[in-house]
Structure formats: C-alpha cells, structure tokens
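Structure, as structure tokens:
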Amino acid sequence: MTDIKRLEDIASQVRRDIVRMVHRAKSGHPGGSLGCADLLTALYFETMKHDPAFNMDAADEDVFILSNGHISPVWYSVLARSGYFPVEELKTFREINCRLQGHPTTHEGLPGVRVATGSLGQGLSVGLGIALSKKMTDDSRTIFCLTGDGELQEGQVWEAALFGAHKQLDNTIVICDRNNQQIDGSTEDVMALGSIGSKWAAFGWDVMEMDGNSMSAVVEGLTEAKSRLGKGKPVFIVMKTEMGAGVDFMMGSHKWHGIAPNDEQLEAALAQLPETLGDFAV
Amino acid sequence: MLDTITSTGKKATRDGFGAGLKHLGDINDKVVALCADLLGSLKMGDFKNAYPDRFVQMGIAEANMMGVAAGLATGGKIPFTGTFANFSTGRVYDQIRQSIAYSDKNVKICASHAGLTLGEDGATHQILEDLGLMRMLPGMTVINPCDFHQTKAATIALADHHGPAYLRFGRPSWPMFTEGMPFEIGKALHLSEGTDVTIIATGHLVWIAVEAARTLEKQGISVDLINIHTIKPLDEAAVLASVKKTGCVVTCEEHNRHGGLGDAIAQVLTTQHPAPQAFVAVDDSFGESGKPDQLLEKYCLDEETIVKAAEHVCRIKNA
C-alpha cells in the first residue's frame with residue numbers, strides 16, 4: 004500500500020528546495036519545477052526501479068529523461084533526496100564550477116543524468132533510443148520521459164512520435180506537462196496545441212490523462228500507465244498541472260516560468276511549504 | 124615513393140563504408156546501424172541483410188535519428204548513423220551538439236555524398252561546410268578518408284575509438300591506392316618524401332594531389348606529400364615536421380576554404396611555425412549541378428590548380 008502522505012511530505016520538501024535553489028541562484032525556472040514536483044517525487048520514491056549508485060547504461064533499471072531540461076531544480080532536488088549526490092550540493096545550483104548546471108548535463112559528471120537537455124524537443128528521441136536498446140537486450144525495464152507542453156511545438160517531437168509507434172516501443176511512457184503556459188504566454192495563444200491527446204492517439208500512442216498535482220492521482224496514473232505497457236503501443240500521459248503548484252502567488256500565470264523570487268517572496272513561498280526532511284544548508 | 128602509389132581500380136568511398144560496416148557486424152555485436160531512408164546510397168544493405176535485428180530504419184527524420192543514436196549509445200550500443208553529409212551535419216547540428224557531443228555519446232555519424240563530387244543533384248546536397256561544422260564541436264573526431272580501403276579501415280577503427288565521431292565520404296567511383304597502407308585515427312599518412320614543398324590533402328583530393336606531385340617532381344620540385352585523413356584531432360607533429368623541412372605548404376580539400384583542413388593546418392602553422400600556405404579549396408561558394416570532373420575543374424580542385432599553388436608558395440618562400 005502506497006503511503007501517499009509520505010510522498011506528499013517529500014514533495015513539500017522538494018518544493019522548498021526548488022524555491023530556495025532558484026532564490027539563491029537569482030535565476031532558474033521555478034514555475035514548471037513546482038508543477039512537476041509531485042510527478043518526479045512519485046517516480047523516484049515509488050514507481051521507478053533505480054539505483055543511486057548510477058550506471059549510465061541503466062541495465063535492469065527504469066530510466067527517467069527530463070526533456071524539458073529547464074525545470075532542472077525539481078530533478079536535482081529529487082535526485083539529491085533519493086541519494087544520487089549530497090543534498091548540500093543543491094546550494095551550488097547555477098554556480099561556477101558546479102555539477103548542477105542551469106540545464107542538466109552529463110558533462111560535469113552529475114550522477115542521475117544520462118543526456119544533456121535544455122534545447123527543447125530532443126529528450127524523447129534519446130529516451131526512445133534507450134527504449135530500443137532495452138528491447139535489443141531483452142531488458143524489460145521502462146523508460147519515462149517528461150516533456151513540456153510548449154515543447155511539443157518542436158518538430159523533432161513528432162518525428163519521435165512516429166518512430167515510437169512504428170517501432171512499437173511499448174516499454175516507454177511519455178508524460179506531457181500540460182500546464183498551458185510557455186514563456187510568451189498561454190500555449191493556445193502562442194501556438195495552439197489543441198487536443199494533445201487526440202494528436203498522439205492519431206500517431207498511434209496509447210493516450211491517457213492524469214491530474215499531476217494530486218499525489219494519489221499521480222501514483223494511480225503511473226500504475227495505470229505501466230499496466231498498459233507491453234501491448235504494442237507506447238503510452239502517452241497528458242498530465243494536467245498548474246505552473247507554480249504549491250505556491251499560491253506563482254500559480255496560474257506564465258510569469259513564474261523563468262524568474263527567481265526575491266527575499267520576501269521566498270519567505271512567503273516557504274510559509275506555504277512545510278519543511279519535512281530538513282532544508283539543505285547554505 | 125610516388126612511383127609506388129598506383130591505382131588498383133576504382134570504387135566509391137561509400138562502398139568502403141558499407142564493407143567496413145558489414146565487417147563490424149561480423150565481429151562486434153554492439154554495433155548497430157541507423158539509416159534515414161538512404162540504404163542503397165549509403166551501401167548499408169549488406170549489414171542490414173546480415174544483421175536485420177541490429178539495423179534500424181529511421182525514415183526521413185534525421186533529427187530523431189541523432190537522438191535515438193544517442194539513446195542507443197547510452198544503453199551501451201555503438202550506433203553508426205547513415206545519411207547524406209548535408210543531413211548528417213547542418214540539418215541536425217543542434218541535435219548532435221546537445222544530445223551527442225556535449226553528452227559525450229559514442230555515436231559514429233557516417234556521411235556520404237559530401238562535397239561537389241556527388242555531381243548532378245546540385246548545391247542543395249553538395250555540402251562544403253560540414254568539416255568546419257563538425258570540427259568546431261568539442262570532443263568530436265573528424266575523419267575524411269581518401270579511397271575505398273581507407274574508408275573501410277576508418278569505419279572499422281571507429282568502433283574501438285570511444286566518443287563521438289564524424290566520418291565523411293563520397294559518391295563517385297574513385298581510384299583505390301591505399302590497400303596495405305597503415306591506418307590509425309589521428310595519425311597522418313606520409314605518402315611521399317620531399318624537400319621543396321609540403322602538400323597536405325584529405326578525401327578525394329588526395330589522389331589528385333598524388334598526380335599533381337608527379338607533375339611537380341617532373342618539373343624538379345620535390346614534394347613532401349601527406350594525407351591527413353583525421354582532421355581532428357590533427358597530427359600536428361607530422362605537419363610541423365614536414366613544413367619545417369620544406370618551408371611552405373599547399374592544403375587540398377573538397378570543402379569551403381573556410382573551416383576545413385586548410386584552416387586547421389593554418390592554425391597550427393601560424394601559432395608554431397609560420398610558413399607560406401596556399402589553399403586548394405572551394406572559394407566560399409555553393410556548388411552546382413554537373414559531372415564530378417567538370418565540377419572539380421570549375422571550382423579549381425584539380426591537378427593544375429595544385430601544381431600552380433605549389434609553384435606559388437615555393438616562389439613566396441624563396442622571395
């Protein structure tokens with residue numbers, strides 16, 4: 004039986020980490036990070052089989068690819084909190100000579116990262132390549148790939164959509180963070196995505212929806228997605244989230260996509276997020 | 124030494140790639156091949172037929188191909204991607220930059236129909252900028268072999284050379300002359316000893332440089348002839364040793380004079396041993412339709428141009 008309360012407590016600490024990291028760095032992307040905190044917590048603390056000792060080839064492990072690399076704060080927090088590197092290292096986010104680069108990279112040797120992301124639209128192709136290598140080696144583990152919704156405006160995503168269905172990569176679960184926001188405004192104003200689920204279904208994927216800001220819904224949704232694997236189609240989850248979820252004044256607007264809170268805003272945010280695992284020291 | 128360099132017939136460099144890839148399939152089960160709807164042009168059919176489970180048809184979707192290759196490499200495979208040079212580089216530069224080069228993925232980007240000599244298809248397909256694009260990526264190995272045998276050897280060598288690499292070859296049947304000669308990634312091939320002028324050539328231009336060297340020798344100009352197949356990392360020691368001996372150099376490549384072999388050599392010489400240099404390369408232009416021989420002549424990548432360039436740098440050196 005999943006302990007939802009435990010996962011919610013972890014997610015609260017992850018959210019504290021996010022706003023503290025971005026505040027300290029005076030830059031970064033808090034909005035999408037907060038929106039995806041429940042998903043990444045569920046993946047790393049409940050759903051995925053993974054080893055913090057970290058092997059690049061992920062043999063007999065599930066794999067997570069963060070295609071929308073700008074929400075690195077949430078990933079770094081979850082990796083640190085699950086033992087990939089010391090929690091204290093979170094304070095180095097975006098600093099010179101750090102492993103926690105603005106966007107995730109393998110280049111500085113950070114455990115947990117398997118490919119650089121940040122230039123959008125590329126992660127899914129890489130994830131499908133890992134999925135294919137697992138098929139070739141009879142490794143039954145799962146590939147999870149998170150993409151932003153605005154990111155679907157990149158053409159390469161649709162090349163990958165064709166490929167995943169054509170190759171029947173039914174060991175792959177793509178989760179699209181449907182928060183309806185991108186830098187210049189609403190996704191539907193900037194470049195309308197319309198019915199994302201219908202589009203992926205038409206491309207041959209098994210599509211489902213999930214509330215991304217309810218821990219119980221996320222855990223159930225990921226369980227449901229895994230049950231759909233192995234049936235000839237990769238799975239696509241339209242995950243509805245609120246950008247900035249957990250911090251009231253950061254929600255409902257694209258404004259908090261890529262700016263840092265000031266000192267007062269940090270305190271206001273932290274007041275809404277219980278400290279459950281201990282903050283990283285600065 | 125020039126007398127011993129003889130053509131044993133003609134085959135395309137892309138055939139050398141196909142033969143090398145098939146050989147790798149025989150000896151290394153980590154090798155997988157990806158192709159973007161150009162199976163016949165890339166000569167990947169023998170590999171596909173022998174190892175269908177390790178061949179991946181990617182369709183006309185090169186960006187996705189580069190990402191999938193990065194993923195396969197992450198999983199421990201050694202992927203070789205195959206498409207035209209234009210679609211292997213410029214079209215997918217950011218995918219290569221982020222998902223392969225910056226991520227240090229062991230992907231071998233194999234590119235046919237490079238340069239002018241693909242002929243009639245014209246400038247949309249005749250990329251003359253690819254060496255420069257790929258040279259600029261940190262950690263990228265860049266190889267431009269000169270004939271069937273060298274391309275086959277380079278293909279095979281790449282499987283044991285960890286890291287991202289770009290292998291550039293071409294379409295036309297071309298004289299074969301390196302059978303039995305050594306091949307080592309990053310190591311220049313010294314084709315002929317001479318004292319008056321260094322000629323450094325890569326790719327298809329190596330054979331033309333051999334013929335130009337014969338003409339120069341008849342005129343009494345002694346040529347130190349070097350084949351640089353690995354443009355990055357460059358065998359600087361071989362370049363410097365030769366130019367210190369001769370005092371001048373001609374570089375020859377089927378590429379824009381910006382960004383390619385000539386630039387790489389000039390950077391070594393200007394910083395370590397300044398010497399007169401002439402660039403036999405395309406003069407900052409696009410190509411056009413035509414027969415390979417017609418194009419090489421029109422764009423001054425021919426024997427006569429190399430001979431004149433050698434005479435020119437010798438005059439500067441002696442002035």
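Protein chains in written order, with this note's numbering: chain X, 4 to 285; chain S, 124 to 442. The beta carbon of each residue, even a glycine, is placed where N, CA and C say it ideally should be.
Residue i classed as buried or exposed, judged by whether at least 16 other C-beta atoms fall within 10 angstroms
{"i": "residue 168 of chain X", "result": "buried"}
{"i": "residue 395 of chain S", "result": "exposed"}
{"i": "residue 186 of chain X", "result": "exposed"}
{"i": "residue 285 of chain S", "result": "exposed"}
{"i": "residue 232 of chain S", "result": "buried"}
{"i": "residue 390 of chain S", "result": "exposed"}
{"i": "residue 172 of chain S", "result": "exposed"}
{"i": "residue 150 of chain S", "result": "exposed"}
{"i": "residue 6 of chain X", "result": "exposed"}
{"i": "residue 146 of chain X", "result": "buried"}
{"i": "residue 385 of chain S", "result": "buried"}
{"i": "residue 273 of chain S", "result": "buried"}
{"i": "residue 100 of chain X", "result": "exposed"}
{"i": "residue 426 of chain S", "result": "buried"}
Neighbour flag for residue i against chain X, beta carbons, 8 Å
{"i": "residue 256 of chain S", "result": "no"}
{"i": "residue 179 of chain S", "result": "yes"}
{"i": "residue 216 of chain S", "result": "no"}
{"i": "residue 225 of chain S", "result": "yes"}
{"i": "residue 211 of chain S", "result": "no"}
{"i": "residue 237 of chain S", "result": "no"}
{"i": "residue 148 of chain S", "result": "no"}
{"i": "residue 222 of chain S", "result": "yes"}
{"i": "residue 205 of chain S", "result": "no"}
{"i": "residue 190 of chain S", "result": "yes"}
{"i": "residue 159 of chain S", "result": "no"}
Chain S within 8 Å of residue i, Cβ atoms only
{"i": "residue 64 of chain X", "result": "no"}
{"i": "residue 108 of chain X", "result": "yes"}
{"i": "residue 118 of chain X", "result": "yes"}
{"i": "residue 133 of chain X", "result": "yes"}
{"i": "residue 121 of chain X", "result": "yes"}
{"i": "residue 287 of chain X", "result": "Any answer about residue 287 of chain X is impossible in this case: the structure gives chain X only from 4 up to 285."}
Interface partners of residue i on chain S, CB under 7 Å
{"i": "residue 280 of chain X", "result": "Going along chain S, no residue has its Cβ under 7 Å from residue 280 of chain X, so there is no contact; the nearest lies around 30 Å."}
{"i": "residue 59 of chain X", "result": "197"}
Contacts around residue i, its chain only, beta-carbon distance under 7 Å, and the 5 residues preceding and following it disregarded
{"i": "residue 116 of chain X", "result": "107, 108, 109"}
{"i": "residue 112 of chain X", "result": "102"}
{"i": "residue 91 of chain X", "result": "283, 284"}
{"i": "residue 380 of chain S", "result": "402, 404, 405, 406, 407"}
{"i": "residue 411 of chain S", "result": "245, 246"}
{"i": "residue 430 of chain S", "result": "335, 338, 339"}
{"i": "residue 187 of chain S", "result": "181"}
For residue j and residue i, believed in contact at Cβ under 8 Å, the rounded distance
{"i": "residue 63 of chain X", "j": "residue 173 of chain X", "result": "Not confirmed; about 18 Å, so no contact."}
{"i": "residue 224 of chain S", "j": "residue 184 of chain S", "result": "Not really, about 20 Å apart at Cβ, beyond 8 Å."}
{"i": "residue 271 of chain S", "j": "residue 136 of chain S", "result": "6 Å"}
{"i": "residue 357 of chain S", "j": "residue 351 of chain S", "result": "7 Å"}
{"i": "residue 315 of chain S", "j": "residue 336 of chain S", "result": "6 Å"}
{"i": "residue 328 of chain S", "j": "residue 252 of chain S", "result": "That belief does not hold up - the Cβ atoms of residue 328 of chain S and residue 252 of chain S are roughly 16 Å apart, past 8 Å."}
{"i": "residue 193 of chain S", "j": "residue 160 of chain X", "result": "Not quite, the Cβ-Cβ distance comes to about 15 Å (not below 8 Å), so this is no contact."}
{"i": "residue 190 of chain S", "j": "residue 125 of chain X", "result": "5 Å"}
{"i": "residue 76 of chain X", "j": "residue 24 of chain X", "result": "5 Å"}
{"i": "residue 298 of chain S", "j": "residue 166 of chain S", "result": "18 Å between Cβ atoms; not a contact."}
Cut-off 8 Å between Cβ atoms - residues of its own chain near residue i, not counting five sequence neighbours on either side
{"i": "residue 189 of chain X", "result": "183, 257"}
{"i": "residue 135 of chain X", "result": "170, 172"}
{"i": "residue 247 of chain X", "result": "33, 34, 37, 38, 253, 254, 255, 256, 259"}
Within chain X, the residues that residue i reaches when beta carbons sit closer than 7 Å
{"i": "residue 187 of chain S", "result": "128, 159, 162, 163, 166"}
{"i": "residue 193 of chain S", "result": "118, 129, 132"}
Interface partners of residue i on chain X, CB under 9 Å
{"i": "residue 407 of chain S", "result": "Here the premise fails: no neighbours, minimum Cβ distance about 29 Å."}
{"i": "residue 182 of chain S", "result": "162, 165, 166, 169"}
Partners in chain S for residue i, counting only beta-carbon separations shorter than 8 Å
{"i": "residue 137 of chain X", "result": "198"}
Chain-order list of residues whose beta-carbon lies under 6 Å from that of residue i (same chain, five-residue window excluded)
{"i": "residue 121 of chain X", "result": "72, 106"}
{"i": "residue 51 of chain X", "result": "65"}
{"i": "residue 311 of chain S", "result": "349, 351, 358, 361"}
{"i": "residue 177 of chain S", "result": "155"}
Residue i Cβ short of 7 Å to the ligand ZN heavy atom set
{"i": "residue 404 of chain S", "result": "This structure lacks the ligand ZN, and indeed carries no ligand of any kind."}
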